[in-house]
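Visitor:
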Amino acid sequence: MYTTMLNDMLKQKIAIFKKNKRAKWALTAFLLIFIVSLFSELIANDKPLLLKYKGHFYFPIFETLTDKFLGGDFETPADYKDPLIKENIQKNGFMVMPFIPFSFNTVDYEIQTQTPSKPDKTHFLGTDDEGRDIVARVLYGIRLSVVFAFLLTLFSAGIGIFIGAVQGYFGGKIDIIFQRFIEVWESLPQLFILIIIASLFTPTFISLLLILMLFSWTSLTAMVRAEFLRTRNFEYVMAAKALGASHLRIIFKHILPNALVTSLTFIPFILSESIVALTSLDFLGLGLGQDYPSLGDLVRQGKDNLQAPWIGLTIFVVLSSLLTMLIFIGEGVRDAFDSRRKS
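198 is the number that this note's numbering gives to position 195 of the sequence shown; each next residue is one higher, with no gaps.
1) Suppose the cutoff is 8 Å on Cβ atoms and the five residues either side in sequence are ignored; what does the same chain contact list for Thr69 look like?
2) So, under 8 Å CB-CB, Ile258 and Thr221 are touching, yes? Tell me the CB distance rounded to an integer number of Å.
3) Under 8 Å between the Cβ atoms of Pro192 and Leu291?
4) Relative to the C-alpha of Ser249, which residue among Leu203, Tyr172 and Glu334 is closest?
5) Using a 10 Å radius around the Cβ and a threshold of 16 neighbouring Cβ atoms, would you call Lys50 buried or exposed?
6) Expressed to the nearest angstrom, what Euclidean distance is found between the alpha-carbon atoms of Ile103 and Gly129?
7) Please go through the same chain and pick out, in chain order, the residues whose beta-carbon is closer than 6 Å to the beta-carbon of Lys55, but skip the five residues on each side of it.
8) Any chance you could list the alpha helix (DSSP H) runs of at least 4 consecutive residues sitting entirely within the region 37-88, in chain order?
9) Arg100 lies in the beta strand (DSSP E); which residues open and close that run?
10) Which residues bound the alpha helix (DSSP H) around Leu263?
11) In whole angstroms, what separates the C-alpha of Phe218 from that of Ile17?
12) Would you tell me roughly how many angstroms separate the C-alpha atoms of Asp132 and Leu287, rounded to the nearest one?
13) Leaving out five residues on either side along the sequence, give the residues of the same chain with a beta carbon under 7 Å from the beta carbon of Val110.
14) Would you check if the distance between the CB atom of Phe266 and the CB atom of Ala152 is smaller than 8 Å?
15) Between the C-alpha atoms of Gly299 and Phe33, what's the straight-line distance to the nearest angstrom?
16) Would you list the residues sitting across from Asp136 in a DSSP beta bridge?
17) Are Val264 and Phe340 touching if we call contact CB-CB under 8 Å?
18) Look at the alpha carbon of Gly247 and the alpha carbon of Ala168, and state the distance between them as a whole number of angstroms.
19) Taking 8 Å as the limit between beta carbons, can you name the residues of its chain near Val99, skipping five residues before and five after?
20) If Leu142 sits next to Ser43, beta carbons under 8 Å apart, how far is it from one beta carbon to the other, in whole angstroms?
21) If you measure between the beta carbons of Asp285 and Ser275, is that distance less than 8 Å?
22) Buried or exposed for Val187, please, with buried defined as at least 16 other CB atoms from any protein chain shown within 10 angstroms of its CB.
23) Please state whether the Cβ-Cβ distance between Ile185 and Thr224 is less than 8 Å.
24) Grouping DSSP H, G and I as helix and E and B as strand, with all else coil, what is Trp188?
25) Please report how far the alpha carbon of Ile318 lies from the alpha carbon of Val149, in whole angstroms.
26) Taking the C-alpha atoms as reference points, what is the distance between Phe127 and Ser210?
27) For the alpha helix (DSSP H) containing Ala229, name the first residue and the last one.
28) Using only the alpha-carbon positions, how far apart do Ala144 and Gln115 sit?
29) The alpha helix (DSSP H) with Lys306 in it runs from where to where?
30) Measure the alpha-carbon distance for Pro305 versus Phe195 and round it to whole angstroms.
31) Would you say Ser40 and Arg146 are within 8 Å of each other, going by their C-beta atoms?
32) Please name the residue in Lys84, Tyr295, Ile330 and Phe165 whose C-alpha comes closest to that of Phe208.
33) Keeping to the same chain, check which residues put their C-beta closer than 7 Å to that of Pro119; ignore five residues upstream and five downstream.
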């Protein structure tokens, strides 16, 4: 019966969310953009999608073919823009290039003008000051930022919800100790710590994720703690204790579902904050290195190249659109879980 009631409540919330057209279209657009970015290698790449050479088929985006294998002189990975390699492929087969023949880190040495170059038929949104295609960097950058934000939000929310649940359920000394620890932890200068870490080594995707997670898990703790403090003395919780239910069962089965209703409304907003955090750190040079496609690096490119307004306009539209969609989604989720609203 409990599961049936939960499913009925969830269906009601989804129906309310669907009535919010702005949130519905924002979710559809966000998912579409994210799904497209997942296939960035198939859309923007300097390697062929399919290569037929001397009667055999190859997929260079999944396997590395050497320059010597394709008729060159070196054992290095093949450069498919090399005139010699292209001529050998045309003589012995064919290759199918992606719609955008540049990856996020491909430098176009054939540009005839000074970089950053203006948008043209080859580079639809122009290039940055290193000759890299902006469309490709945006595609890969969106995927990196959203995946990073999803992981950061997932792990941070999980840790914060668990600690808040323990605080609120047990109360007493456990609650006081955790509260004092959180107060001290939140007072630490996060930016200074990141500066020190960045001066020691270049952060990677995993290390930066862990560093930000250390400071972001507190976002939901207070909310979950308050919900557990409110509900831990309700009759159904006391009845579960009287029947001999374990603390973990009471926490995760009887109280946590109610606390999650409130927490879920903040997830899209935390997601947008995570994207902003990564972009800001990359812009300041404290985030990911040059080996990663970064939206923050494009922000920096726009600031450093005011004579190339297409860079600043592009990253402004991309970031503002992503964050606006997440805000609209968050508002839709918040309204759907508002107890005063009915479907």
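Here a beta-carbon is modelled for each residue, glycine too, at the ideal position from N, C-alpha and C.
Guide: Reading off the structure:
1) Excluding positions up to five away in sequence, the list reads Gly75, Phe77, Glu78, Thr79, Pro80 and Ala81.
2) About 20 Å separates the two Cβ atoms, so there is no contact after all.
3) Cβ atoms of Pro192 and Leu291: not closer than 8 Å.
4) Comparing Cα positions, the closest option is Tyr172.
5) Taking all protein chains shown into account, Lys50 has 16 or more neighbouring C-beta atoms within 10 Å of its C-beta and is therefore buried.
6) Taking C-alpha positions only, Ile103 is separated from Gly129 by approximately 12 Å.
7) If you ignore the 5 residues before and after Lys55, its C-beta comes within less than 6 Å of the C-beta of Gly96 and Phe97, all in its own chain and listed in chain order.
8) Secondary structure in the region 37-88: the alpha helix (DSSP H) runs of 4 residues or longer, each lying completely within the stretch, are 43-46 in chain order.
9) The sequence given here has Met at residue 100, not Arg. Met100 -> no beta strand (DSSP E), and no H or E assigned at all.
10) Per DSSP, Leu263 belongs to the alpha helix (DSSP H) from Leu259 to Leu267.
11) One C-alpha to the other measures close to 32 Å.
12) Their Cα atoms are separated by approximately 18 Å.
13) Cβ contact annotation for Val110 (same chain, cutoff 7 Å, sequence separation greater than five): Glu133, Gly134 and Arg135, in chain order.
14) The amino acid occupying residue 266 in the given sequence is Ser; Phe does not appear at that position. No, the pair does not count as a contact, with Cβ atoms beyond the cut-off.
15) Rounded to whole angstroms, Gly299 to Phe33 spans 19 Å at the Cα level.
16) Looking at the DSSP output, Asp136 shares a beta bridge with Thr130.
17) Against a cut-off of 8 Å, the Cβ pair of Phe340 and Val264 comes out as a contact.
18) Taking the straight line joining both Cα atoms gives about 20 Å.
19) Counting only Cβ-Cβ distances below 8 Å, and skipping sequence neighbours, we find Pro51, Leu52, Leu53 and Leu54.
20) Contact flag correct, Cβ pair sits at about 4 Å.
21) Note that the C-beta distance between Asp285 and Ser275 is not below 8 Å.
22) With fewer than 16 other Cβ atoms from the protein chains shown falling within 10 Å of its own Cβ, Val187 counts as exposed.
23) With contacts defined as CB atoms closer than 8 Å, Ile185 and Thr224 qualify as a contacting pair.
24) For Trp188, the secondary structure class from DSSP, reduced to helix, strand or coil, is helix.
25) Ile318 and Val149: Cα-Cα distance of roughly 15 Å.
26) Each residue's alpha carbon lies about 34 Å from the other.
27) Taken as a continuous stretch (DSSP letters only), the alpha helix (DSSP H) holding Ala229 covers Thr224 to Thr234.
28) Just to set this straight, residue 144 is Gly in the shown sequence, not Ala. Distance from the CA atom of Gly144 to the CA atom of Gln115, rounded to whole angstroms, is 26 Å.
29) Judged by DSSP secondary structure, Lys306 falls within the alpha helix (DSSP H) whose first and last residues are Leu298 to Asp307.
30) This sequence places Gly at residue 305; Pro is not what is there. When rounded, the separation of the alpha-carbon atoms in Gly305 and Phe195 is 25 Å.
31) Here Ser40 is near Arg146, since their CB atoms are less than 8 Å apart.
32) The shortest Cα separation from Phe208 among Lys84, Tyr295, Ile330 and Phe165 belongs to Tyr295.
33) Scanning its chain for C-beta atoms nearer than 7 Å, with the 5 sequence neighbours on each side dropped, one finds around Pro119 the residues Gly129, Thr130, Asp131, Asp132, Asn308, Ala311 and Ile314, in chain order.
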